[in-house]
Structures are given as C-alpha cells and as structure tokens.
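Structure record follows, encoded as structure tokens.
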Amino acid sequence: MTVLSTNDEGKYLLDVEGEQIGIVTEVDADAQVAFVEPEPGLAEAWVQSFGYGDADEDDIKVPADAVETVTDSEIRVAKDL
2 MTVLSTNDEG KYLLDVEGEQ IGIVTEVDAD AQVAFVEPEP GLAEAWVQSF
52 GYGDADEDDI KVPADAVETV TDSEIRVAKD L
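Per our numbering, residue 2 is the first one in the sequence shown, and the count goes up by one each step.
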C-alpha cells in the first residue's frame, strides 16, 4: 500500500493513462487522503508546487489505496476516479 505524506503536496495527479487530473493541494496523512484541485490556475499551481496550499470544497478526495505510484513530481492512480 502507498503511504501519502505532506511531502506529496504540490505534486501532479495523473490517471491510469498518464493524463493530468490536477495538483495535490493538501494531504491528510492520518486519514491517508490526498485532496486534488482538478483545474488549478497558473498562480495556484505555482503556489501548490511549493507546498503552500489548502484544500477547497471543489477538490477531489483521493484515498491512498487508489494510488499506484508516487515519484518526486507526480502521483499516479491505479484506477479511474
């Protein structure tokens, strides 16, 4: 199982086909859930890339059990959300 941490904030979330879904705005490490902004604007993406963001009400919740791989710059899900 993949373990999510606050170090994953600011990474891009990709689907099973490698298409970008959005950017991780916040990680709840206790609940093992990543919150993803599906269509970040340029300024928001820049802020998130430095890990200075918060989840919004329109963010997608991605549980750790849906994550296939985590790299330095991306999180890839194992199935469609």
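We put the CB at the ideal spot given by N, CA and C, even for glycine.
For G11, the closest C-alpha among the options P39, T3, E18 and D66 is that of P39. Burial is judged here by how many other beta carbons sit within 10 angstroms of a residue's own beta carbon; G19 has fewer than 16 and is exposed. Partner residues in the beta bridge of D29, as assigned by DSSP, are V34. Collapsing the DSSP output to three states places T7 in a helix. Residue pairing by DSSP places G23 opposite L14 in a beta bridge. Spanning the alpha carbons of T3 and V28 requires a straight line of approximately 13 angstroms.
Secondary structure note for T70: its beta strand (DSSP E) is the uninterrupted segment V68 to V71. Here the C-alpha atom of P64 lies approximately 15 angstroms from the C-alpha atom of Y13.
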